[in-house]
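First up is the structure itself, then whatever we jot down about it.
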Amino acid sequence: MVGTAEEKIVSRRIVITGAGGRLGAALAREWSAAGEEVTGFARQELDLSQPEQLRATLEPLDFAVLVNCAAQTNVDRCETHPDEAMQINADAVRVLAEICTKKGARCIQISTDYVFDGAKVGAYTEEDAALPISQYGASKRAGEIALLDISDKHLAVRVSWVFGPDRPSFVDQILQRARTEDSVAAIADKIAVPTYTRDAARLLRPLLFQKPVGGLLHLCNGGQCTWQEYGQFALDCAAEAGMELKARTVGALKMAELKAFIAKRPPNTAMSTDKLASIIGESPRDWREAVREYVRGFVSLSSKGC
Ligand SMILES: NC(=O)c1ccc[n+]([C@@H]2O[C@H](COP(=O)([O-])OP(=O)(O)OC[C@H]3O[C@@H](n4cnc5c(N)ncnc54)[C@H](OP(=O)(O)O)[C@@H]3O)[C@@H](O)[C@H]2O)c1
Numbered sequence: 001m002v003g004t005a006e007e008k009i010v011s012r013r014i015v016i017t018g019a020g021g022r023l024g025a026a027l028a029r030e031w032s033a034a035g036e037e038v039t040g041f042a043r044q045e046l047d048l049s050q051p052e053q054l055r056a057t058l059e060p061l062d063f064a065v066l067v068n069c070a071a072q073t074n075v076d077r078c079e080t081h082p083d084e085a086m087q088i089n090a091d092a093v094r095v096l097a098e099i100c101t102k103k104g105a106r107c108i109q110i111s112t113d114y115v116f117d118g119a120k121v122g123a124y125t126e127e128d129a130a131l132p133i134s135q136y137g138a139s140k141r142a143g144e145i146a147l148l149d150i151s152d153k154h155l156a157v158r159v160s161w162v163f164g165p166d167r168p169s170f171v172d173q174i175l176q177r178a179r180t181e182d183s184v185a186a187i188a189d190k191i192a193v194p195t196y197t198r199d200a201a202r203l204l205r206p207l208l209f210q211k212p213v214g215g216l217l218h219l220c221n222g223g224q225c226t227w228q229e230y231g232q233f234a235l236d237c238a239a240e241a242g243m244e245l246k247a248r249t250v251g252a253l254k255m256a257e258l259k260a261f262i263a264k265r266p267p268n269t270a271m272s273t274d275k276l277a278s279i280i281g282e283s284p285r286d287w288r289e290a291v292r293e294y295v296r297g298f299v300s301l302s303s304k305g306c
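Quick note on my numbering: the sequence shown kicks off at 1 and runs consecutively.
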């Protein structure tokens with residue numbers, strides 16, 4: 001059917017806040033490459049601590065979905081600056097959700113596995129009680145509540161142990177250290193699931209327009225591991241790809257030994273992605289496949305001196 005001048009043009013624009021961060025930058029790049037119309041705002045363009053700036057910038061803009069990747073993600077800073085954490089991770093989310101609701105757009109808030117206390121044996125589902133044990137976790141949980149209080153059509157997507165090419169994370173740090181130091185170690189009594197940002201972009205895309213679900217959703221790669229297993233696997237992949245390493249084995253640390261930690265960390269936050277799989281008809285690939293792919297890229301870039 002040929003469109004008429006009277007027909008309303010429905011925007012498919014996706015706004016990404018926190019577009020300078022590890023996840024936000026990856027979503028913006030991957031979705032743009034897939035043909036989506038994306039407008040990203042980095043912190044210097046849109047500051048979540050400035051509600052008036054959020055309204056002035058976003059209210060006149062035509063968009064269908066806003067994905068908020070901006071957050072105060074420093075867990076220990078949140079512990080010592082709880083008001084700042086609440087302002088960025090909860091109050092600003094309410095403002096974003098209100099702006100979206102007013103214009104009939106959906107708001108997708110990126111949340112965290114740290115909403116859980118970590119005491120469960122087995123993987124957390126969306127039905128499990130969120131009982132945060134840190135200010136970071138509490139502020140992110142308050143953000144979820146604010147979002148869904150405004151509208152249950154909005155979506156809070158919990159991710160964990162995010163890694164990808166846009167900002168270094170644990171996997172980059174352990175590889176760098178293993179290249180220069182004789183021994184490396186990582187925590188062996190904390191379990192979660194890595195989330196590769198490129199996989200997150202692919203798995204989240206159907207939820208933008210095709211399957212616009214609301215509520216809570218867990219999104220990470222498949223399986224689970226300790227930090228030590230994660231690091232060991234990354235080193236194995238790097239060695240397999242030809243990287244020269246001074247340290248080949250990741251030693252075991254106990255969480256309690258890490259005196260630099262200010263905030264408490266939940267010991268087990270492995271999440272089930274069954275709900276995601278039932279919605280999109282696909283299970284995320286195992287974390288090892290994702291880490292192997294990422295590390296091969298890392299080794300290839302390092303060998304070119306990047
Ligand atoms: N990283 C993980 O392992 C992990 C685990 C679970 C959940 N998450 C969640 O995943 C989301 C994305 O995290 P990420 O890994 O991409 O972290 P990230 O790289 O730290 O990205 C967060 C972004 O938010 C920006 N930001 C901070 N304060 C802001 C403010 N007041 N106004 C506007 N922007 C602000 C940061 O700006 P700057 O670049 O200037 O700092 C950064 O670009 C967050 O919601 C986080 O809670 C992450």
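All C-beta atoms in this analysis are idealised placements derived from N, C-alpha and C, irrespective of residue type, glycine included.
Got a sec? Which residues, its chain only, sit under 8 Å from residue i by beta carbon, not counting five neighbours each side?
i: Asp117; result: Leu131, Pro132, Ile133 and Pro266
i: Cys78; result: Gln72, Glu84, Ala85, Asn89, Ser134, Gln135, Tyr136, Ser139 and Ala263
Please go through the same chain and pick out, in chain order, the residues whose beta-carbon is closer than 6 Å to the beta-carbon of residue i, but skip the five residues on each side of it.
i: Ile187; result: Trp227, Leu253 and Met255
i: Glu37; result: Arg12 and Arg13
Terminal residues of the continuous beta strand (DSSP E) containing residue i?
i: Leu155; result: Leu155 to Val159
i: Leu216; result: Gly215 to His218
i: Ser32; result: It is not in any beta strand (DSSP E) - Ser32 instead sits in the alpha helix (DSSP H) that spans Arg22 to Ala33.
i: Val67; result: Val65 to Asn68
So the candidates are the options; which of them puts its Cα closest to the Cα of residue i?
i: Asn89; options: Cys69, Val162, Gln210 and Ser160; result: Cys69
i: Lys140; options: Asp182, Arg167 and Asp91; result: Asp91
i: Glu52; options: Asp182, Thr195, Asn74 and Arg94; result: Arg94
i: Ala26; options: Ala270, Asp286, Thr197 and His154; result: Thr197
i: Glu293; options: Gly164, Gln176 and Leu208; result: Gly164
i: Tyr230; options: Ser111, Pro168, Thr73 and Arg288; result: Arg288
i: Gly251; options: Lys120, Ala178, Thr112 and Trp161; result: Ala178
i: Arg296; options: Gly281, Ala241, Asp236 and Asp113; result: Ala241
i: Gln176; options: Thr125, Ser49, Phe298 and Trp31; result: Phe298
i: Ala260; options: Arg43, Thr57 and Val75; result: Val75
i: Thr112; options: Asp286, Lys246, Val171 and Ala138; result: Ala138
Applying the 10 Å Cβ sphere with the 16-neighbour rule, what's the burial state of residue i?
i: Val10; result: exposed
i: Leu155; result: buried
i: Ser183; result: exposed
Where do the ends of the alpha helix (DSSP H) carrying residue i lie?
i: Ser134; result: Note, Ser134: premise wrong, no alpha helix (DSSP H); not H, not E.
i: Val295; result: Trp287 to Ser303
i: Ile14; result: No alpha helix (DSSP H) contains Ile14, which is instead part of the beta strand (DSSP E) from Ile14 to Thr17.
i: Gly251; result: Segment Val250 to Leu253 is the beta strand (DSSP E) holding Gly251; no alpha helix (DSSP H) there.
i: Cys328; result: The shown model of the chain, from 1 to 306, leaves out residue 328, and the question about it has no answer.
i: Gln109; result: Segment Arg106 to Thr112 is the beta strand (DSSP E) holding Gln109; no alpha helix (DSSP H) there.
i: Ala186; result: Note, Ala186: premise wrong, no alpha helix (DSSP H); beta strand (DSSP E) at Val184 to Ile187.
Closer than 7 Å by C-beta to residue i: which residues in its own chain qualify, once you throw out the five before and the five after it? Chain order, please.
i: Gly40; result: Ile16, Ala19, Gly24 and Ala28
i: Ala146; result: Ala90, Val93, Arg94 and Ala97
i: Phe233; result: Arg288 and Val291
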